[in-house]
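In my numbering, the protein residues as written are -6 to 583. Think of the CB as a built atom: it goes at the ideal place given N, C-alpha and C, for glycine as much as any other residue. Computed from a predicted model, the values in this text were never measured in an experiment. See structure below.
Have a look at this one:
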């Protein structure tokens, strides 16, 4: 009996061992699973993250490919496909009011990432003259000199034997009489597109003259698509039974570079001074050389204020009413004007004439020693006191300023996109780096400090640079030029200096929209800078130098020097290192 029980206990012991082993294996498996499961999940997540990153970088590559094409003026379609490492990315490009939206979507391993970038078109402008003055004219004295051509829509007056090393042209000035004006409300009630189809290739606006006067210039409220439609030929024509005739009385070019993708006012100066008769109806025709479905212009309009209203159609072809009919363009038409002249020493002494090494061209030229030819209708005291004029040329036409109000509005938007600094900004010996930025106050740079610009700067108040202060463009601008813009007065004194990026073709453009007699004052050194005060007076003296000037009235004295650089005839303006296209945003989107 005892032996039997002992055997039974041994069997039970074996079973217990098996159960224990099973339990141990189960526990061990549970422990191993609990340890390996997160590791496996983490490995899977890491793989998904890596694949997702591949999608993101592929999407960025699609955007970068389109940006490269835009910057290098290569063709870009509305949809682009790029292949990299066996994967493809689809990029769509759509036009906006002020530029383009680039959206790129990539899908690697069913993990979709999307990147979107907004860009606006940079601006290129041309400075063809060392000095370009408006109706206020150009006055130079005190041992000052100009190396380059001078053009004024008014008179050029030289004192005490000063020299213009180039051509001097004084056109008859801008208009004094408003023949047509339609400018309100600020937002047009209608938008008229032209230049997109053959039936709407051109736009025409009628106006009636109330008194005899010469035709002079127009201002038009215009915008264009982000893809440049090209220049317009603006024509003055007679009326033909309620529509434009096919005979051009005068014409001028409206440069597409002066028009932006946002509405803005653009001036077109004619300058041939065709006589208009009171009581007669005339037309302004905006003649596009061809039609483009995706590249066109839009003009602001509202209900009729003129005799015949506006028309859509083709010059030398048929014309139709606008839709709705009876619209009139946002436009101002000026007639009349003043007679420009070139004169030495205030017109009193022939032995201290104004010296011009090239040709002189004006309706009237007095006391001017011209190495080339005096083209004029009347003159006195020229070439050593001989009253001589070559009358083979008619009076010179007035010229448009290089920068339009539309350009300035676009640059203000560029600056504000980078943020707003509230209050005055003072930069001293420590220096600073800013841009793009809007400064809602004054900007002062002095104490030998250097202000480096990385984008367009807009100052709502005054700009003062003195005491060895410097403003320079960041090296990332490359061969592009930059904008410093003020609404108030600008004063540069005490060896204030300006410089570009260090590469050829890079210039800082200092602009004020102020219309006062002290809009821009500069003395005591300025460097390679372009100075612009197209609404007001620009005054330079005291041994100062600059590359070019453009202002309503320009006065230079005290040894001021203008040394024109031929690179200014075609410069690229950019608020950032992105060439002709400026990046407004670059984000991942859903």
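Closer than 8 Å by C-beta to residue i: which residues in its own chain qualify, once you throw out the five before and the five after it? Chain order, please.
i           : result
residue 203 : 172, 271 and 272
residue 79  : none
residue 309 : 239
residue 416 : 433 and 434
To which residues of the same chain is residue i closer than 6 Å at the C-beta, ignoring the five residues directly before and after it?
i           : result
residue 0   : Note on residue 0: pLDDT 48, under 50, position unreliable in the model; the coordinate value appears next. Excluding positions up to five away in sequence, the list is empty.
residue 441 : 422 and 461
residue 71  : 86
residue 420 : 438, 442 and 444
residue 170 : 206, 328 and 329
residue 398 : 257 and 258
residue 312 : 236, 304 and 306
residue 522 : 491, 501, 503 and 539
residue 548 : 132 and 532
residue 564 : 474
residue 583 : none
Give me the Cα-Cα distance between residue i and residue j, rounded to the nearest whole angstrom.
i           : j           : result
residue 581 : residue 86  : 16 Å
residue 251 : residue 211 : 14 Å
residue 282 : residue 221 : 13 Å
residue 579 : residue 82  : 17 Å
residue 370 : residue 345 : 22 Å
residue 589 : residue 540 : For the chain, the structure presents residues -6 to 583; residue 589 sits outside this window and is missing.
residue 314 : residue 288 : 22 Å
residue 427 : residue 126 : 31 Å
residue 535 : residue 317 : 59 Å
residue 366 : residue 517 : 35 Å
residue 382 : residue 352 : 12 Å
residue 40  : residue 61  : 31 Å
residue 584 : residue 164 : What is shown of the chain runs -6 to 583, which leaves residue 584 out entirely.
residue 340 : residue 505 : Confidence at residue 340 is low in this model, with a pLDDT of 48, below 50, so its placement is unreliable and no value can be given for it.
residue 155 : residue 350 : 11 Å
residue 466 : residue 93  : 26 Å
residue 334 : residue 152 : 14 Å
residue 95  : residue 267 : 48 Å
residue 457 : residue 307 : 51 Å
residue 256 : residue 285 : 20 Å
residue 59  : residue 137 : 49 Å
residue 10  : residue 100 : 56 Å
residue 57  : residue 111 : 12 Å
residue 143 : residue 49  : 55 Å
residue 409 : residue 189 : 32 Å
residue 510 : residue 459 : 20 Å
residue 157 : residue 347 : 8 Å
residue 373 : residue 264 : 24 Å
residue 331 : residue 161 : 18 Å
Give the C-beta separation of residue i and residue j to the nearest angstrom, bearing in mind that I take them to be a contact with Cβ-Cβ under 8 Å.
i           : j           : result
residue 391 : residue 529 : Contact doesn't hold; Cβ gap of about 18 Å is too wide.
residue 118 : residue 400 : 7 Å
residue 338 : residue 321 : About 49 Å separates the two Cβ atoms, so there is no contact after all.
residue 217 : residue 290 : 5 Å
residue 444 : residue 432 : Going by Cβ atoms, the distance from residue 444 to residue 432 rounds to 11 Å, so no, they are not a contact pair.
residue 230 : residue 279 : With 8 Å as the limit, residue 230 and residue 279 do not qualify as a contact, their Cβ atoms being about 12 Å apart.
residue 277 : residue 185 : Not a contact, Cβ separation roughly 14 Å.
residue 122 : residue 200 : 31 Å between Cβ atoms; not a contact.
residue 135 : residue 552 : 6 Å
Please name the residue or residues paired with residue i in a DSSP beta bridge.
i           : result
residue 372 : 358
residue 290 : 187 and 217
residue 208 : 328
residue 542 : 124 and 524
residue 81  : 76
residue 281 : 225
residue 95  : 86 and 110
residue 46  : Per DSSP, none; premise fails for residue 46.
residue 337 : 151
Once you ignore the five residues that flank residue i on each side, which residues in its own chain have a CB closer than 7 Å to its CB?
i           : result
residue 560 : 497 and 498
residue 393 : 260, 261 and 262
residue 556 : 140, 538 and 540
residue 52  : 82, 97, 98, 99, 106, 107 and 108
residue 495 : 468
residue 464 : 438, 444, 446, 458, 477, 491 and 501
residue 413 : 431 and 433
Using 7 Å as the cut-off, classify the Cβ of residue i as near or not near the heavy atoms of the ligand ATP, replying yes or no.
i           : result
residue 374 : In the structure on display, the ligand ATP does not appear, and there are no ligands present to speak of.
Query raised in the report: Would you call the stretch 126 to 144 and the stretch 530 to 548 touching, i.e. three or more CB-CB distances under 8 Å?
Result: A contact is defined here as three or more CB-CB pairs under 8 Å, and the stretch 126 to 144 meets this definition with respect to the stretch 530 to 548.
Report task. Flag this pair as touching only if the stretch 357 to 365 and the stretch 232 to 243 have three or more C-beta atom pairs under 8 Å; answer yes or no. Result -> no
Query raised in the report: Using 8 Å as the threshold, is the stretch 137 to 153 in touch with the stretch 178 to 185, meaning 3 or more CB pairs across them?
Result: With a cut-off of 8 Å, the stretch 178 to 185 and the stretch 137 to 153 do not count as touching, because too few Cβ pairs lie within range.
Query raised in the report: When the Cβ atoms of the stretch 448 to 460 are set against those of the stretch 476 to 483, are three or more pairs found closer than 8 Å?
Result: yes
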